[in-house]
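In the numbering used here, the protein residues as written are 17 to 252.
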(Lines of atoms letter the chains of each structure in order from A; the text may use other names.)
(Lines give C-alpha, C1' and ligand atoms only; values in the text may rest on other atoms or scores of the structure.)
Protein backbone atom coordinates (compact mmCIF):
# COMPACT_ATOMS: atom_id res chain seq x y z
CA UNK A 17 0.00 0.00 0.00
CA UNK A 18 1.45 3.37 -1.05
CA UNK A 19 0.40 6.94 -0.38
CA UNK A 20 -0.59 8.86 -3.51
CA UNK A 21 1.20 12.04 -4.48
CA UNK A 22 -0.52 15.21 -3.31
CA UNK A 23 -2.26 16.89 -6.31
CA UNK A 24 -0.62 20.24 -5.54
CA UNK A 25 2.79 18.59 -5.47
CA UNK A 26 2.01 16.83 -8.74
CA UNK A 27 1.14 20.17 -10.30
CA UNK A 28 4.34 21.72 -8.97
CA UNK A 29 6.50 19.05 -10.59
CA UNK A 30 4.78 19.63 -13.92
CA UNK A 31 5.57 23.34 -13.57
CA UNK A 32 9.16 22.43 -12.72
CA UNK A 33 9.33 20.26 -15.83
CA UNK A 34 8.81 23.35 -17.99
CA UNK A 35 12.12 24.69 -16.64
CA UNK A 36 14.30 21.57 -16.30
CA UNK A 37 14.18 17.89 -17.20
CA UNK A 38 12.90 15.77 -14.30
CA UNK A 39 13.12 12.08 -13.51
CA UNK A 40 12.31 9.55 -10.83
CA UNK A 41 14.51 6.63 -9.74
CA UNK A 42 13.10 4.07 -7.33
CA UNK A 43 13.68 0.58 -6.06
CA UNK A 44 10.07 -0.44 -6.69
CA UNK A 45 8.80 -1.89 -9.95
CA UNK A 46 6.97 0.37 -12.36
CA UNK A 47 3.40 -0.51 -11.25
CA UNK A 48 4.22 0.53 -7.67
CA UNK A 49 5.85 3.76 -8.82
CA UNK A 50 2.77 4.45 -10.95
CA UNK A 51 0.52 3.75 -7.96
CA UNK A 52 2.24 6.54 -6.06
CA UNK A 53 2.71 9.10 -8.81
CA UNK A 54 -0.18 8.62 -11.24
CA UNK A 55 -2.26 6.03 -13.01
CA UNK A 56 -0.99 3.32 -15.35
CA UNK A 57 1.22 4.66 -18.14
CA UNK A 58 0.46 8.24 -17.10
CA UNK A 59 3.68 8.48 -15.07
CA UNK A 60 6.10 7.81 -17.93
CA UNK A 61 4.58 10.83 -19.68
CA UNK A 62 4.76 13.07 -16.59
CA UNK A 63 8.51 12.64 -16.20
CA UNK A 64 11.26 12.89 -18.80
CA UNK A 65 12.92 9.85 -17.24
CA UNK A 66 11.54 7.02 -15.12
CA UNK A 67 13.98 4.52 -13.65
CA UNK A 68 12.28 1.58 -11.94
CA UNK A 69 13.99 -1.15 -9.90
CA UNK A 70 17.12 0.94 -9.28
CA UNK A 71 17.36 1.80 -12.97
CA UNK A 72 17.40 -1.75 -14.32
CA UNK A 73 14.17 -0.77 -16.11
CA UNK A 74 14.54 2.57 -17.89
CA UNK A 75 11.99 4.82 -19.60
CA UNK A 76 12.79 7.96 -21.55
CA UNK A 77 10.19 10.29 -23.09
CA UNK A 78 7.44 7.76 -22.42
CA UNK A 79 9.21 4.79 -24.01
CA UNK A 80 10.98 1.75 -22.54
CA UNK A 81 14.65 1.95 -23.54
CA UNK A 82 16.38 -0.70 -21.41
CA UNK A 83 15.69 -3.67 -19.11
CA UNK A 84 18.03 -6.02 -17.21
CA UNK A 85 17.12 -9.14 -15.20
CA UNK A 86 18.76 -10.43 -12.04
CA UNK A 87 18.38 -14.12 -12.93
CA UNK A 88 20.39 -13.71 -16.12
CA UNK A 89 23.11 -11.87 -14.25
CA UNK A 90 23.69 -14.02 -11.14
CA UNK A 91 22.36 -17.39 -12.34
CA UNK A 92 19.63 -19.69 -11.06
CA UNK A 93 21.75 -21.56 -8.51
CA UNK A 94 22.77 -18.47 -6.53
CA UNK A 95 19.28 -17.03 -6.89
CA UNK A 96 17.69 -20.13 -5.35
CA UNK A 97 20.29 -20.27 -2.57
CA UNK A 98 19.40 -16.67 -1.72
CA UNK A 99 15.64 -17.26 -1.75
CA UNK A 100 15.90 -20.46 0.30
CA UNK A 101 18.08 -18.77 2.93
CA UNK A 102 15.62 -15.87 3.24
CA UNK A 103 12.65 -18.21 3.61
CA UNK A 104 14.44 -20.19 6.33
CA UNK A 105 15.50 -17.04 8.19
CA UNK A 106 12.02 -15.48 8.10
CA UNK A 107 10.53 -18.70 9.42
CA UNK A 108 12.36 -18.02 12.69
CA UNK A 109 11.20 -14.40 13.07
CA UNK A 110 8.29 -13.90 15.47
CA UNK A 111 6.22 -10.75 14.90
CA UNK A 112 2.86 -9.50 16.21
CA UNK A 113 1.56 -9.91 12.65
CA UNK A 114 2.69 -11.55 9.41
CA UNK A 115 0.90 -11.20 6.09
CA UNK A 116 1.82 -12.23 2.54
CA UNK A 117 4.40 -11.56 -0.20
CA UNK A 118 7.52 -11.93 1.90
CA UNK A 119 9.74 -12.24 -1.18
CA UNK A 120 8.97 -10.18 -4.27
CA UNK A 121 10.87 -11.09 -7.42
CA UNK A 122 11.58 -8.07 -9.61
CA UNK A 123 13.57 -7.62 -12.81
CA UNK A 124 16.66 -6.17 -11.20
CA UNK A 125 16.42 -7.25 -7.57
CA UNK A 126 14.77 -9.34 -4.89
CA UNK A 127 12.71 -7.43 -2.31
CA UNK A 128 12.50 -9.03 1.14
CA UNK A 129 9.83 -8.07 3.69
CA UNK A 130 9.71 -9.84 7.08
CA UNK A 131 6.09 -8.77 7.70
CA UNK A 132 4.98 -9.26 4.07
CA UNK A 133 4.23 -6.58 1.50
CA UNK A 134 0.48 -7.21 1.59
CA UNK A 135 0.20 -5.68 5.09
CA UNK A 136 -2.08 -2.69 5.66
CA UNK A 137 -0.76 0.84 6.18
CA UNK A 138 -1.39 0.52 9.93
CA UNK A 139 0.49 -2.79 10.05
CA UNK A 140 3.31 -1.24 8.02
CA UNK A 141 3.71 1.55 10.56
CA UNK A 142 3.52 -0.91 13.46
CA UNK A 143 6.30 -3.05 11.97
CA UNK A 144 8.42 0.04 11.31
CA UNK A 145 8.27 1.00 14.99
CA UNK A 146 9.21 -2.54 16.06
CA UNK A 147 12.03 -2.56 13.51
CA UNK A 148 13.45 0.67 14.92
CA UNK A 149 13.68 -0.93 18.36
CA UNK A 150 14.70 -4.48 17.48
CA UNK A 151 16.72 -3.88 14.27
CA UNK A 152 14.96 -6.77 12.49
CA UNK A 153 16.01 -5.78 8.99
CA UNK A 154 19.50 -4.76 10.09
CA UNK A 155 20.12 -8.18 11.68
CA UNK A 156 18.64 -9.94 8.64
CA UNK A 157 20.97 -8.06 6.30
CA UNK A 158 23.95 -8.83 8.54
CA UNK A 159 23.13 -12.55 8.34
CA UNK A 160 22.86 -12.35 4.55
CA UNK A 161 26.17 -10.51 4.23
CA UNK A 162 27.86 -13.24 6.23
CA UNK A 163 26.20 -16.10 4.34
CA UNK A 164 26.79 -14.65 0.86
CA UNK A 165 30.15 -12.92 1.36
CA UNK A 166 32.09 -12.78 -1.89
CA UNK A 167 29.06 -13.65 -4.04
CA UNK A 168 28.73 -10.21 -5.63
CA UNK A 169 25.49 -9.20 -3.91
CA UNK A 170 24.44 -5.91 -2.30
CA UNK A 171 21.82 -5.37 0.38
CA UNK A 172 20.14 -2.01 1.02
CA UNK A 173 17.28 -0.87 3.22
CA UNK A 174 14.52 1.28 1.75
CA UNK A 175 11.05 2.24 2.91
CA UNK A 176 9.45 1.01 6.12
CA UNK A 177 9.11 -2.76 5.81
CA UNK A 178 11.64 -4.27 3.43
CA UNK A 179 15.12 -4.33 1.97
CA UNK A 180 16.52 -5.07 -1.49
CA UNK A 181 19.07 -7.60 -2.71
CA UNK A 182 20.75 -7.03 -6.07
CA UNK A 183 24.05 -7.58 -7.90
CA UNK A 184 26.94 -5.29 -7.00
CA UNK A 185 26.79 -2.20 -9.18
CA UNK A 186 23.03 -2.49 -9.73
CA UNK A 187 22.16 0.33 -7.34
CA UNK A 188 20.52 3.60 -8.36
CA UNK A 189 23.71 4.76 -10.09
CA UNK A 190 22.57 2.67 -13.07
CA UNK A 191 20.41 5.59 -14.17
CA UNK A 192 23.51 7.75 -14.52
CA UNK A 193 24.74 5.64 -17.44
CA UNK A 194 21.84 6.98 -19.51
CA UNK A 195 21.81 10.50 -18.07
CA UNK A 196 25.52 11.07 -18.72
CA UNK A 197 24.86 10.87 -22.45
CA UNK A 198 21.99 13.35 -22.39
CA UNK A 199 24.05 16.55 -22.50
CA UNK A 200 22.75 17.81 -19.15
CA UNK A 201 24.54 20.68 -17.40
CA UNK A 202 24.20 18.96 -14.02
CA UNK A 203 22.40 16.04 -12.40
CA UNK A 204 20.65 16.87 -9.12
CA UNK A 205 19.56 14.02 -6.86
CA UNK A 206 17.13 14.22 -3.95
CA UNK A 207 16.76 11.22 -1.64
CA UNK A 208 15.87 10.30 1.93
CA UNK A 209 17.91 7.08 2.41
CA UNK A 210 21.31 8.72 1.87
CA UNK A 211 23.20 7.28 4.85
CA UNK A 212 25.43 4.20 4.52
CA UNK A 213 23.22 1.14 3.94
CA UNK A 214 20.35 3.17 2.50
CA UNK A 215 19.26 2.67 -1.09
CA UNK A 216 20.14 6.29 -2.00
CA UNK A 217 23.66 6.18 -0.54
CA UNK A 218 25.66 5.31 -3.66
CA UNK A 219 24.00 7.74 -6.07
CA UNK A 220 23.95 10.49 -3.44
CA UNK A 221 27.74 10.20 -3.05
CA UNK A 222 28.53 9.69 -6.73
CA UNK A 223 30.70 12.55 -8.09
CA UNK A 224 28.42 12.79 -11.13
CA UNK A 225 25.51 14.04 -9.00
CA UNK A 226 24.77 17.01 -6.78
CA UNK A 227 23.06 15.27 -3.89
CA UNK A 228 20.53 16.54 -1.36
CA UNK A 229 19.08 14.68 1.62
CA UNK A 230 15.33 15.27 1.94
CA UNK A 231 12.78 14.19 4.52
CA UNK A 232 9.51 14.43 2.61
CA UNK A 233 8.18 15.16 -0.90
CA UNK A 234 7.41 18.69 0.28
CA UNK A 235 11.04 19.09 1.31
CA UNK A 236 12.07 18.10 -2.22
CA UNK A 237 9.70 20.70 -3.65
CA UNK A 238 11.09 23.38 -1.33
CA UNK A 239 14.65 22.71 -2.49
CA UNK A 240 13.59 22.68 -6.14
CA UNK A 241 11.92 26.07 -5.71
CA UNK A 242 15.12 27.46 -4.21
CA UNK A 243 17.34 25.95 -6.91
CA UNK A 244 15.35 26.41 -10.10
CA UNK A 245 12.99 29.37 -9.65
CA UNK A 246 13.90 33.04 -9.25
CA UNK A 247 10.66 33.46 -7.28
CA UNK A 248 8.41 30.89 -5.66
CA UNK A 249 5.64 29.52 -7.92
CA UNK A 250 2.24 30.27 -6.45
CA UNK A 251 0.74 26.80 -6.99
CA UNK A 252 2.55 25.17 -4.06
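Where is the CB? At the ideal position from N, CA and C, for every residue including glycine.
Under 8 Å, with one C-beta from each stretch per pair, do the region 109 to 128 and the region 68 to 84 reach the 3-pair mark?
The region 109 to 128 is in contact with the region 68 to 84.
Assuming residue 210 contacts residue 217 (C-beta within less than 8 Å), just tell me the rounded distance between them.
Residue 210 to residue 217, Cβ: 6 Å. Contact.
Buried or exposed: residue 226, going by 16 or more other Cβ atoms within 10 Å of its Cβ?
Per the 10 Å Cβ criterion, exposed.
Assuming residue 169 and residue 184 make a contact with CB atoms under 8 Å, what is their CB distance in whole Å?
Confirmed, Cβ separation roughly 7 Å.
Does residue 172 pass the burial test, meaning 16 or more other C-beta atoms within 10 Å, or should it be called exposed?
Residue 172 should be labelled buried.
Rounded to the nearest angstrom, what separates residue 249 and residue 32 at their Cα positions?
Here residue 249 scores only 48 on pLDDT, less than 50, and its place in the model is too uncertain to base an answer on.
State the DSSP-derived secondary structure class of residue 188, mapped to helix, strand or coil.
Looking at residue 188 - three-state DSSP - the assignment turns out to be coil, as it is neither helix nor strand.
Need the endpoints of the alpha helix (DSSP H) that residue 59 sits in, please.
Taken as a continuous stretch (DSSP letters only), the alpha helix (DSSP H) holding residue 59 covers 59 to 62.
Using beta-carbon positions only, say whether residue 36 and residue 244 come within less than 8 Å of one another.
In this structure, residue 244 lies closer than 8 Å to residue 36 by Cβ.
Measuring straight from C-alpha to C-alpha, what distance separates residue 113 and residue 152?
In a straight line, the C-alpha of residue 113 is about 14 Å away from that of residue 152.
In chain order, what residues of the same chain lie with their CB nearer than 7 Å to the CB of residue 102, ignoring the 5 residues before and after it?
Closer than 7 Å at the Cβ level, and outside the excluded window around residue 102, lie 119, 128.
Which same chain residues end up closer than 6 Å to residue 236 when comparing Cβ atoms and leaving out the 5 residues on each side of it in sequence?
Hits under 6 Å: 206, 230.
Could you tell me the distance, in whole angstroms, from the CA atom of residue 167 to the CA atom of residue 95?
So the two alpha carbons sit approximately 11 Å from each other.
Here's a check: name, in chain order, each residue in its chain whose Cβ is nearer than 8 Å to the Cβ of residue 49, leaving out the five neighbours to either side.
40, 42, 59, 66, 68.
Got a sec? Which residues, its chain only, sit under 8 Å from residue 163 by beta carbon, not counting five neighbours each side?
If we look at residue 163 and ignore the five residues flanking it on each side, its Cβ neighbours are 101.
Please state if the CB of residue 140 and the CB of residue 177 are separated by a distance shorter than 8 Å.
Going by C-beta atoms, residue 177 is nearer than 8 Å to residue 140.
Return the CA-CA distance between residue 64 and residue 38, expressed in angstroms with no decimal places.
Each residue's Cα considered, the two are about 6 Å apart.
Unbroken alpha helix (DSSP H) runs of length 4 or more, entirely within the region 36 to 124: which are they?
Counting whole runs of 4 or more residues, the region 36 to 124 contains the alpha helix (DSSP H) stretches 46 to 53, 59 to 62, 86 to 90, 92 to 106.
So what does DSSP say about residue 160, is it helix, strand or coil?
Note: residue 160 maps to helix in three-state DSSP.
Could you tell me if the beta carbon of residue 198 falls within a distance shorter than 7 Å of some heavy atom in the ligand MG?
Absence of the ligand MG is noted for the structure shown, with no ligands found whatsoever.
Could you pull the start and end residues of the beta strand (DSSP E) that residue 204 belongs to?
Its beta strand (DSSP E) spans residues 204 to 207.
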